[in-house]
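Asks: Provided herewith is a single structure, encoded as structure tokens, for subsequent inquiry.
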Amino acid sequence: MPIDENTALLPDPGRAVVAVEPPAAEEGHWAGAPSAVAADGLIYLAYRLRRPVGEGRGYAVVVARSADGERFETLTTVTREEMDAESLERPSLVRLPDGRWRLYLSCATTGTKHWRVEVLEAADPAAFDARSRVTVLPGDPKTGVKDTVIVRRDGVWHLWASCHPLADPDEADQMVTDYATSADGLEWTWHGTALSGRPGLWDARGVRVSAVRFGDDRVVAFYDGRASAAENYEERTGIAVGTDPAVLTPLGEAPAARSPHRGGGLRYLEFVDLPGGRVRLYYEFTRPDGAHELRTELR
């Protein structure tokens, strides 16, 4: 898969339309962190809603569907209270080979800096029930785990997750991306860190893989990065490549895509491959007022 093909898939905000507005037109209010699946002629989208810190943070994950990829009908909403979580972050929506659905949810453990990932399974994406949740990535006392990217390929489940150190609470915003595999999407084997930040560059403080595309001889990952703790929540998008999904190398010394507004946040890039070869992009975008909206583009 030539790199120029993937560069051509980078967001161009001037071509985008707004798929989901933020809960309020103010800083700290966000709609974003998308995960999308094309199935049965429709696009299914899971995304996170967020209020400012102290007002609920990531208070819900919405599952919705659309016939055109731009206008969405809400199917169900899972709240942080239902998940016994202080906050929810990026979900992963997956359709299984047998037609059932899974929703992987990143859950903040109340009163801590710890994160874990739990999964819901249902016959229909409108039927997810938090009472059926199962913890699949518990993290540990030294590591918080969240923001999963999941790809099934040739019978293997591949997962990249954002991992945060917890030994020093003041340093817990740092992040690397670790890689794991599974035969069923429930029991995972970790293979170490796939992507780390680079000292002195725009992604020094942390990197979070947001989307992965497999080619014949290489893997291309799109990732969120930031240089400092002050840039938390305003990550920009970069590209990393490798011949092994467990070892990814960033390209270039500057972000590949960013918002022109406020802190420049353009993050959680997601791709949906459509019948006929076209691709739809989804991503979270910082507006002039500081709110984040969920945008989409068709390529």
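For the sequence shown, my numbering gives the first residue as 347, with consecutive numbering after it. The beta-carbon is built from N, C-alpha and C at its ideal position, and this holds for glycine as well.
Output needed for Asp514: all residues of its chain with C-beta closer than 8 Å, excluding positions within five of it in sequence on either side, in chain order.
Replies: Around Asp514: no qualifying Cβ.
Asks: Please state whether DSSP places Arg426 in a helix, a strand or coil.
Replies: In the structure shown, Arg426 sits in coil (DSSP, three-state: anything other than H, G, I, E or B).
Asks: Distance check for His607 and Arg633, CA to CA, integer angstroms please.
Replies: Distance between the alpha carbons of Arg633 and His607 is about 6 Å.
Asks: Does the beta-carbon of Ser574 have 16 or more other beta-carbons within 10 angstroms, so that it is buried, or is it exposed?
Replies: Ser574 should be labelled exposed.
Asks: Taking the alpha carbon of Phe617 as the reference point, which residue from Val383, Arg361, Glu372 and Val363 has its own alpha carbon closest?
Replies: The option with the nearest alpha carbon to Phe617 is Val383.
Asks: Within its chain, find whatever has a CB closer than 8 Å to the CB of Asp619; leave out the 5 residues flanking it on each side and keep chain order.
Replies: Ala384 and Val625, listed in sequence order.
Asks: Using C-beta distances below 6 Å, list every residue in its chain close to Arg613, excluding the 5 sequence neighbours before and after it, in chain order.
Replies: These residues qualify, in order along the chain: Asp570, Glu581 and Glu630.
Asks: When you compare only the Cα positions, how much space is there between Ala603 and Leu615?
Replies: Approximately 10 Å, taken between the alpha carbons.
Asks: Measuring only the C-alpha atoms, how far is Arg396 from Ala576?
Replies: Between Arg396 and Ala576, the C-alpha separation is close to 19 Å.
Asks: Along the chain, where does the beta strand (DSSP E) that runs through Asp570 open and close?
Replies: It spans Val565 to Arg572 - the beta strand (DSSP E) in which Asp570 sits, taken as one unbroken run.
Asks: In whole angstroms, what is the alpha-carbon distance linking His362 and Arg645?
Replies: Looking at the sequence shown, residue 362 is not His but Ala. C-alpha separation (whole angstroms): 10 Å.
Asks: Look at the alpha carbon of Leu597 and the alpha carbon of Phe568, and state the distance between them as a whole number of angstroms.
Replies: Distance between the alpha carbons of Leu597 and Phe568 is about 10 Å.
Asks: What first and last residue would you give for the beta strand (DSSP E) that runs through Phe524?
Replies: Before going further, note that residue 524 is Asp rather than Phe in the sequence given. That run of the beta strand (DSSP E) goes Val522 to Ser528.
Asks: Name the two residues that bound the continuous beta strand (DSSP E) containing Val480.
Replies: Element bounds for Val480: Val480 to Leu483.
Asks: Would Leu442 be called buried (16 or more neighbouring beta carbons within 10 Å of its own) or exposed?
Replies: So Leu442 counts as exposed.
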